Structure formats: structure tokens, C-alpha cells
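*Asks:* In our numbering, the protein residues as written are 484 to 664.
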Ligand SMILES: [Zn+2]
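#1: CA-CA distance, residue 633 and residue 642?
#2: So is residue 605 buried or exposed if we call it buried at 16+ other beta carbons inside 10 Å?
#3: DSSP on residue 593, reduced to helix/strand/coil?
#4: Thinking C-beta only, is residue 583 closer than 9 angstroms to residue 538?
#5: What does the alpha-carbon distance come out to for the pair residue 521 and residue 563?
#6: What separation, rounded to the nearest whole angstrom, lies between the Cα atoms of residue 531 and residue 541?
#7: Measuring from the CB of residue 541, is there a heavy atom of ligand 1 at a distance below 8 angstroms?
#8: Assign residue 497 to one of two classes, buried (16 or more other C-beta atoms within 10 Å of its C-beta) or exposed (fewer than that).
#9: Apart from the five residues on each side of it in sequence, which residues of its chain come closer than 6 angstroms, Cβ to Cβ, to residue 491?
#10: Consult DSSP for residue 617 and reduce its assignment to one of helix, strand or coil.
#11: Does the distance from the C-beta atom of residue 588 to that of residue 575 stay below 9 angstroms?
#12: Using DSSP's beta-bridge definition, name the partner residues of residue 599.
#13: Do residue 619 and residue 596 come within 9 angstroms of each other at the CB atom, strictly closer than that value?
#14: Residue range of the alpha helix (DSSP H) that residue 630 falls in?
#15: Return helix, strand or coil for residue 534, following the three-state DSSP convention.
#16: Mapping the DSSP letters down to three states, classify residue 499 as helix, strand or coil.
#17: Out of 650, 660 and 503, which has the shortest C-alpha to C-alpha gap to residue 570?
#18: Along the chain, where does the alpha helix (DSSP H) that runs through residue 604 open and close?
#19: Is any heavy atom of ligand 1 found at a distance shorter than 8 angstroms from the C-beta of residue 587?
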């Protein structure tokens, strides 16, 4: 995994880029929740399910299919007033799908563990992106307070935080210029 901080940052960036409105605290809390929920599979890892298993770490909960099903659930339970299949519903679904799926994409940029089963349950192959600059994050909180934890934070700042903030800043500038003309 990349660290929960980076997953949360990407969730907020996606919401900002899609210019979601109205935006409530509930919306942002659910966004961050969706960005970290795939790591619920660590429970399976702890009780002895094999890493490479469908229910192992970076398995089914990191797949696009899971992101699809989970986004529908979150929108249904979190925003029951949004009418199913309405325009607003599709925007919400797109947002929560992208946020949940972004977790696997960040994990696939890390340099350790097994890859991500993006196409589970149809295809169990584990994938990495062609480029994996992010140091893999320790699973426990304690792991952060070590030299390796420091290494991970530096690589995430360089390869995730800086690019995400630059994209957000660039978008903000473009929008302001367009609004002025
Ligand atoms: Zn993960």
C-alpha cells in the first residue's frame, strides 16, 4: 500500500477536479473512506489468507469491480436523496468509483509486495504500473517511525503529493483564466 495520507489526498484531489457540488463534510469523509477501504483486506492477511489469494492483500478489494460495486453502495447509503440513474447520480458514482479505484493505482506504483488484481474476480493476475517509483509503505503504524518509514514518506511526497498539488494548482489557474475571459 501507499500510506493512508496519500490515498486520502488523491481522494480530495479527484473531488476538487470533478468540481463536485454541493460538497458536505459527509462527502469528503466518505471520499477519504473509499480511498482507504481496499486495505480492509489486511484483515484476511492477518488471519492467514495467502497474499496471492483472491481475498489476499491487493486482491478483490483492490479491483475495478469492487470499486464499481462499492461506489453504488456508498452513494445509495450516503446520499439516499440522489435519484438512481439521474445525472447527479452518475456524477456521484463516477467520483466514488475513481476514488476507490485510485487506491489500487497508487498501490500499483509501489516497489514492493505483489501487484494489484485490477480485473478480479475475472482475472487473478496481479499488475504493477510500468513505473513504480513509490516505496512500499509499512503495514503497521509503528513502521512509520523508522528510517524506512521516512524513506516512504519522502518518496510519496515526491511522486504523489507534489504532482497532485501541481495538477490541482494548474487546474485552479486555468479555471480562473477561463472565468475571466
Ligand atoms: Zn492497498
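Beta carbons are placed, not taken as given, at the ideal position from N, Cα and C, and that holds for glycine.
Computed from a predicted structure; not experimentally measured.
*Replies:* Result, derived from the coordinates:
#1: Counted from its first residue, the chain shown places residue 633 at position 150. Counted from its first residue, the chain shown places residue 642 at position 159. Per the coordinates, the alpha-carbon of residue 633 lies some 14 angstroms from the alpha-carbon of residue 642.
#2: As a working mapping, residue 605 is identified with position 122 in the chain shown. Classification for residue 605: exposed.
#3: The residue labelled residue 593 in the question sits at position 110 within the chain shown. If DSSP states are grouped into helix, strand and coil, residue 593 belongs with the strands.
#4: Here the question's residue 538 lines up with position 55 in the chain shown. Here the question's residue 583 lines up with position 100 in the chain shown. In this structure, residue 538 lies away from residue 583, with their beta-carbon atoms at least 9 angstroms apart.
#5: Counting from one through the chain shown, the residue named residue 521 turns up at place 38. Counting from one through the chain shown, the residue named residue 563 turns up at place 80. Taking the Cα positions, residue 521 is about 23 angstroms away from residue 563.
#6: Numbered from 1 along the chain shown, position 48 holds the residue referred to as residue 531. Numbered from 1 along the chain shown, position 58 holds the residue referred to as residue 541. Between the alpha carbons of residue 531 and residue 541 lies a distance of about 14 angstroms.
#7: Here residue 541 refers to the residue found at position 58 when the chain shown is read from its first residue. Look at residue 541: its beta carbon is less than 8 angstroms from one of the heavy atoms in ligand 1.
#8: To locate residue 497, count along the chain shown from 1; it is residue 14. Buried is the call here.
#9: Position 8 of the chain shown, counting from 1, holds the residue named residue 491. Answer for residue 491: 515 and 518, listed in chain order.
#10: The sequence position of residue 617 within the chain shown is 134, counting from 1. Three-state result, residue 617: strand.
#11: Along the chain shown, read from residue 1 onward, the residue named residue 588 stands at position 105. Along the chain shown, read from residue 1 onward, the residue named residue 575 stands at position 92. Not closer than 9 angstroms, so no.
#12: Taking the chain shown and counting its residues from 1, one reaches residue 599 at position 116. DSSP lists 610 as partners of residue 599.
#13: To locate residue 596, count along the chain shown from 1; it is residue 113. To locate residue 619, count along the chain shown from 1; it is residue 136. Taking the C-beta atoms as reference points, residue 619 is found nearer than 9 angstroms to residue 596.
#14: One-based indexing of the chain shown puts residue 630 at position 147. According to the DSSP assignment, residue 630 belongs to the alpha helix (DSSP H) that extends over 630–639.
#15: Position 51 of the chain shown, counting from 1, holds the residue named residue 534. If DSSP states are grouped into helix, strand and coil, residue 534 belongs with coil.
#16: By one-based count along the chain shown, residue 499 stands at place 16. Shown here, residue 499 sits in a helix according to DSSP, grouped into three states.
#17: The count along the chain shown starts at 1 and reaches residue 570 at position 87. Nearest of 650, 660 and 503 to residue 570, Cα basis: 503.
#18: Residue 604 sits at position 121 when you count from the first residue of the chain shown. Membership of residue 604 in any alpha helix (DSSP H) is not indicated, and neither H nor E is assigned to it by DSSP.
#19: Position 104 of the chain shown, counted from the first residue, corresponds to residue 587. A heavy atom of ligand 1 is found nearer than 8 angstroms to the CB of residue 587.
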